[in-house]
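Numbering (our numbering), first residue to last: 2 to 308.
Think of the CB as a built atom: it goes at the ideal place given N, C-alpha and C, for glycine as much as any other residue.
Some notes on the structure that comes next.
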């Protein structure tokens, strides 16, 4: 993934939340906020000024040939060169639920930020205060009442591979599917998107990989100290082996701190897994109802040019 594009009525409050979450300001103007991590990506989170919601997911393509082919899809907006940090080119398309995807290529890389110093060096005392350090965007989760059609569309359009499928009772009662990118023999994350059945379409959460396991705990302490809205964690997902911690933005958009050592390739086995009601399969506590029913509403593409 490249980034997520959200919308909020107060860019200052969103910036404060994201800085406490572990991101760094890349650019801000009167209409738009770009945040980066400590890695080499020019930005990995965009907030448009507007009603609270989710606008789009951004995906990095492997080459320009993919961009040209996607520009020919029904309803595609054609190849664009947006005025954004890092530049690049993109094609915008809408999925079966009307949600936007930004398919991008050619973005310039930036200099990574210096790694965190040792928690404690040969001299001095332990330093454990401050936010987590976000490295990259890892995945999103997305609820839809049209699960089968949405899964098929994402697999056809982005070439995704199914990793694990979840069902309750009978195998035909599918409630969600994890999908990963296809990089052949190259090892990739357990999933780049989790599509789950919901009463209405909306973003469930966006996940960001942090620098190390310690950052999960640094992040929890810092976010709690700043009185941010905690949803779930710290815990470990049984599927994907991710250590997680979930926080809600001031505008009801759920963000996850995440780290995992589980990797797969194109030949990894596809699994169908029976779980209980309320997504009760994970290790640790049963997910709270708020977590299970979360779906940030979709909002229209901003009318302001240059996004």
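Exposed unless 16 or more other CB atoms sit within 10 angstroms - verdict on residue i
i: residue 277; result: exposed
i: residue 268; result: exposed
i: residue 96; result: buried
i: residue 52; result: exposed
i: residue 94; result: buried
i: residue 216; result: buried
i: residue 88; result: exposed
i: residue 45; result: buried
Contacts around residue i, its chain only, beta-carbon distance under 7 angstroms, and the 5 residues preceding and following it disregarded
i: residue 176; result: 167, 168, 169, 197, 198
i: residue 273; result: 166, 168, 172
i: residue 210; result: 136, 137, 139, 259, 260
i: residue 150; result: 97
i: residue 291; result: 232
Whole-angstrom C-beta distance between residue j and residue i, which should lie under 8 angstroms
i: residue 22; j: residue 259; result: Rounded, the Cβ-Cβ distance is 12 angstroms, inconsistent with contact.
i: residue 190; j: residue 220; result: In fact, because the Cβ distance is near 19 angstroms, the residues do not count as touching under 8 angstroms.
i: residue 136; j: residue 161; result: Contact doesn't hold; Cβ gap of about 22 angstroms is too wide.
i: residue 90; j: residue 103; result: Not a contact, Cβ separation roughly 11 angstroms.
i: residue 145; j: residue 98; result: 5 angstroms
i: residue 50; j: residue 33; result: 7 angstroms
i: residue 254; j: residue 55; result: 7 angstroms
DSSP-derived helix/strand/coil call for residue i
i: residue 17; result: helix
i: residue 24; result: coil
i: residue 302; result: coil
i: residue 1; result: Residue 1 falls outside the range modelled here, since the chain spans only 2 to 308, and no answer is possible.
i: residue 124; result: coil
i: residue 271; result: coil
i: residue 245; result: strand
i: residue 258; result: strand
For residue i, the residue or residues it bridges with in DSSP
i: residue 8; result: 49, 54
i: residue 142; result: 195, 206
i: residue 106; result: 90
i: residue 163; result: 180
Own chain residues within Cβ distance below 6 angstroms of residue i, not counting five before or after
i: residue 69; result: none
i: residue 266; result: 186, 188
Beta-carbon proximity list for residue i, same chain, < 8 angstroms, skipping 5 on both sides
i: residue 195; result: 140, 141, 142, 143, 177, 178, 179, 180, 205
Beta carbon proximity, residue i to chain B, threshold 8 angstroms
i: residue 240; result: This model lacks chain B altogether; it includes just one protein chain.
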